[in-house]
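Some notes on the structure that comes next.
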Amino acid sequence: MKIGDKVAAIDEDLKGTITSVKGEIVVFKDEHGFTHQFKKNKLVPQNPEIYDQVKAIRKAEIPKPVSKKHHKKHLVLDLHFENMVKNPVDYDAFERIFMQKEKLVETLDFCRKNNLKKLEIIHGIGDGVLQRMVHDYLIGQTNLEFDDHDFFYHQRGSVLVTLK
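Once you know that position 103 of the sequence shown is 103 in UniProt numbering, the rest is easy, because the numbers rise by one and skip nothing.
Structure (structure tokens):
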């Protein structure tokens with residue numbers, strides 16, 4: 001440390017310029033014109049040029065592992081009757097809607113048992129009978145959320161259910 005160097009005091013909020021050095025004692029003047037005396041080991045040089053020769057080393061950042069459950073797609077249940085049985089013409093309307101409701105109940109139970117959070121139910125647009133059955137059943141259930149009265153209620157062929 002020499003006269004004219006800028007220093008800061010350790011453990012105190014004091015900065016200034018060195019005016020004299022006498023052995024281990026350093027006298028400096030702060031920005032307000034007051035003089036202060038400290039031992040050399042209680043001062044830190046305030047010289048930004050001392051870091052010019054130090055080269056910064058950049059290390060590659062290690063990517064954080066992401067849980068596999070965040071990459072899972074949600075389960076999709078297609079209630080189109082043609083996809084559920086081999087000969088759809090062999091069933092009347094009551095049997096069709098009954099089997100579709102049973103499939104819906106089974107799938108919701110499966111989602112709850114396996115802690116699945118999202119289920120997309122594809123009911124199609126059609127005449128709205130299946131859509132009405134799906135929405136009526138979901139309204140009667142607890143611990144789930146779904147869009148039941150949105151703007152495109154009769155124009156969408158599916159509903160996304162979020163289980164709590």
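Using N, Cα and C, we set each Cβ at its ideal position, and we do this for glycine too.
Going by DSSP, what residues sit across from P45 in a beta bridge?
In the sequence shown, the residue the question calls residue 45 occupies position 45. Answer is V7, bridged to P45.
Whole-Å CB distance - V76 paired with E120, under 8 Å assumed
The sequence position of residue 76 within the sequence shown is 76, counting from 1. The sequence position of residue 120 within the sequence shown is 120, counting from 1. Right, their Cβ atoms sit about 5 Å apart.
Could you say which of T142, A93, D11, T17 lies nearest to N41 if we only look at CA atoms?
Reading the sequence shown from its first residue, position 41 is the one you call residue 41. Among T142, A93, D11, T17, the Cα nearest to that of N41 is on D11.
Quick one: using the 10 Å Cβ neighbour count with 16 as the cut-off for buried, is F28 buried or exposed?
By 1-based counting over the sequence shown, the position of residue 28 is 28. Looking at its Cβ environment, which holds 16 or more other Cβ atoms inside 10 Å, F28 is buried.
Exposed or buried, what is Q131 when buried is set at 16 or more other beta-carbons lying within 10 Å of its beta-carbon?
The residue you call residue 131 lines up with position 131 of the sequence shown. That one is buried.
Coil, strand or helix - F28 by DSSP
The residue labelled residue 28 in the question sits at position 28 within the sequence shown. Strand.
Burial state of Q100, where buried means 16 or more other Cβ atoms lie within 10 Å
Against the sequence shown, residue 100 aligns to sequence position 100. Q100 should be labelled buried.
Residue range of the alpha helix (DSSP H) that Q131 falls in?
For the purposes of this step, residue 131 is taken as the residue at position 131 of the sequence shown. 129-139 is the extent of the alpha helix (DSSP H) around Q131.
Please list the terminal residues of the continuous beta strand (DSSP E) segment that includes V54.
Against the sequence shown, residue 54 aligns to sequence position 54. Element bounds for V54: n/a, residue is neither H nor E.
V89 (DSSP reduced to helix, strand or coil):
Sequence index remark: in the sequence shown, residue 89 carries index 89 (1-based). Helix.
For L77, which beta-bridge partners are listed by DSSP?
By one-based count along the sequence shown, residue 77 stands at place 77. The partner list for L77 (beta bridge, DSSP) reads I121.
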